[in-house]
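The structure appears below as structure tokens.
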Amino acid sequence: MAEIIFESVSRTFPVTGRNGRPDTELTALHDVNLRIRPGELAVIVGPSGSGKSTLLDLLGGLDSPTSGRILLDGTPITGPGLNRGVVFQQYALLPWRTAASNVELGLEAKKIPAAQRRERALEHLDLVGLSGFADRYPHELSGGMKQRVAIARSLAFDPDVLLMDEPFAALDAQSRETLQDELLRLWRRTGKTIVFITHGIDEAVHLGQRVAVLTSRPGTVKAVVDIDLGDRTARSDLRSAPEFAHYRHRIWSLLHSEVDRAQAAERAAARPSQDGSEPASDSKVSSIG
Ligand SMILES: Nc1ncnc2c1ncn2[C@@H]1O[C@H](COP(=O)(O)OP(=O)(O)OP(=O)(O)O)[C@@H](O)[C@H]1O
Ligand SMILES: [Mg+2]
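Quick look at the structure:
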């Protein structure tokens with residue numbers, strides 16, 4: 019079981035000016051401090067642009083912090099590794115490989131023999147409801163199906179840490195709920211550390227042992243909410259339970275004050291206008307992402 023510690027993690031990106039050269043900086047994440055316990059299913063929510071995907075890229079070792087560090091079992095993350103599996107916000111399948119062969123990809127990296135690879139790929143395609151689609155190519159699958167293949171791939175890979183960036187966002191409500199329950203069962207069975215990003219408040223409450231709420235950009239941890247709902251897969255009516263509503267409201271309030279703050283900041287940046295009037299109130303500048 020793996021423990022993750024973010025120590026004062028910041029990430030800024032250079033912003034290209036009119037002359038084509040970087041002239042300013044954009045702070046995506048600022049001073050993020052967070053400990054994810056070994057074997058925890060931690061959910062991160064935050065407004066759009068608050069740095070959630072950036073945070074996951076840093077965890078995956080695909081990008082490095084500008085300052086601070088991230089420790090995985092005490093060792094700083096310096097690059098990608100076989101101990102972490104990532105499910106991206108947008109499915110990343112190889113178009114020239116079939117569904118099963120895409121699932122086998124990570125198993126090849128682990129040097130698992132071909133027959134076992136195939137078996138494990140089929141088993142995991144079955145788990146995400148895609149038995150019968152093993153030999154289809156990505157262009158023959160719907161968006162939701164492609165995302166399921168990506169999920170099957172990271173589950174089959176069996177990493178210590180599973181990093182998931184809005185993996186169910188493109189799915190229909192029914193598939194989403196099925197996969198949420200599958201993920202909870204898998205997590206209980208394996209005790210993996212899972213970091214799950216979502217913009218769905220219900221999804222956060224349903225899955226998270228703890229939910230970390232990020233501020234609007236620059237993203238930092240605004241609050242960490244403990245979700246005490248017991249075994250969620252044991253209750254079919256959980257979403258209508260009063261405790262569920264309580265947590266939903268708590269996270270909703272935390273997020274909405276952030277969205278309001280971002281909107282106020284955007285309005286302030288837009289002033290002073292020529293006639294001193296406020297910009298149109300329907301200008302959509304930020305939303306929960
Ligand atoms: N490679 C990059 N270069 C420059 N800016 C970047 C880069 N990656 C991210 N950003 C900026 O960092 C900020 C955070 O982006 P990020 O994708 O992490 O947000 P997010 O919380 O995942 O948003 P969403 O909910 O919309 O997916 C954004 O303002 C984005 O434009
Ligand atoms: Mg994102």
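This note's numbering puts the last residue of the sequence shown at 307; the count rises by one with no breaks.
All C-beta atoms in this analysis are idealised placements derived from N, C-alpha and C, irrespective of residue type, glycine included.
Legend entry - Contacting residues, own chain, Cβ-Cβ under 6 angstroms from Arg194 (five flanking each side not counted): Phe186
Legend entry - Simplified DSSP state of Gly86, which is helix, strand or coil: strand
Inset, instruction - Label Val231 either buried or exposed according to how many other C-beta atoms from any shown protein chain fall within 10 Å of its C-beta, with 16 as the threshold for buried. - result: buried
Inset, instruction - Using 7 angstroms as the cut-off, classify the Cβ of Arg279 as near or not near the heavy atoms of ligand 3, replying yes or no. - result: Absence of ligand 3 from the depicted structure is noted, with ligand 1 and ligand 2 being the only ligands included.
Inset, instruction - Give me the Cα-Cα distance between Leu76 and Glu141, rounded to the nearest whole angstrom. - result: 30 angstroms
Inset, instruction - Can you give me the Cβ contacts of Lys302 inside the same chain, cut-off strictly under 7 angstroms, excluding the 5 residues immediately before and after it? - result: Confidence at Lys302 is low in this model, with a pLDDT of 30, below 50, so its placement is unreliable and the value that follows should be read with caution. Once the five neighbours on either side are set aside, Lys302 has no close Cβ partner at all.
Inset, instruction - Compute the Euclidean distance between the alpha carbons of Gln107 and Asp183, then round it to the nearest angstrom. - result: One alpha carbon belongs to Gln107, the other to Asp183, and they sit about 5 angstroms apart.
Inset, instruction - Along the alpha helix (DSSP H) that carries Ser26, what are the first and last residues, could you check? - result: Segment Ile22 to Thr34 is the beta strand (DSSP E) holding Ser26; no alpha helix (DSSP H) there.
Legend entry - Reference Ser68, options Tyr155, Thr233, Arg289 and Pro32, closest by Cα: Thr233
Inset, instruction - List the DSSP bridge partners of Met182. - result: Val105 and Phe214
Legend entry - Span separating the alpha-carbon of Lys210 from that of Pro40: 40 angstroms
Legend entry - Test item: CB-CB of Leu123 and Arg171 under 8 angstroms: The answer is yes: Cβ separation under 8 angstroms.
Inset, instruction - Sort Gly78, Arg266 and Arg115 by Cα distance to Arg102 and report the nearest one. - result: Gly78
Legend entry - Pick from Met19, Ala241 and Leu247 that is closest to Gly64, judged by C-alpha positions: Ala241
Inset, instruction - In the DSSP assignment, find the unbroken alpha helix (DSSP H) run with Asn120 in it and report its ends. - result: Ala117 to Ala127
Legend entry - Residue interval of the beta strand (DSSP E) (run including Pro260): In the DSSP assignment, Pro260 falls outside any beta strand (DSSP E) and within the unbroken alpha helix (DSSP H) covering Pro260 to Ala288.
Inset, instruction - Classify Val61 as helix, strand or coil using the three-state DSSP reduction. - result: strand
Legend entry - Heavy atom of ligand 2 within 7 angstroms of Asp153 beta-carbon: no
Legend entry - Pick from Val61, Arg36 and Thr238 that is closest to Leu225, judged by C-alpha positions: Val61
Legend entry - Straight-line gap, Trp270 to Thr216 (C-alpha atoms, nearest Å): 13 angstroms
Inset, instruction - Flag Gln165 as yes when its Cβ comes closer than 7 angstroms to any non-hydrogen atom of ligand 2, and as no otherwise. - result: no
Legend entry - Contact check, His48 vs Gly237, beta carbons under 8 angstroms: yes
Inset, instruction - Give the secondary structure of Leu76 by DSSP, where H, G and I count as helix, E and B as strand, and everything else as coil. - result: DSSP places Leu76 in helix when its eight states are reduced to three.
Inset, instruction - Could you say which of Arg268, Ala20, Leu143 and Thr30 lies nearest to Thr84 if we only look at CA atoms? - result: Thr30
Inset, instruction - For my contact list, Gly147 and Thr196 are in at a C-beta cut-off of 8 angstroms; report their separation, rounded to the angstrom. - result: 7 angstroms
Legend entry - Three-state class that DSSP yields for Val146 in the structure shown: coil
Legend entry - CA-to-CA distance, Leu247 to Ala263, given in whole angstroms: 11 angstroms
Legend entry - Selection from Arg87, Ala133, Arg250 and His157 that minimises the alpha carbon distance to Thr116: Among Arg87, Ala133, Arg250 and His157, the Cα nearest to that of Thr116 belongs to His157.
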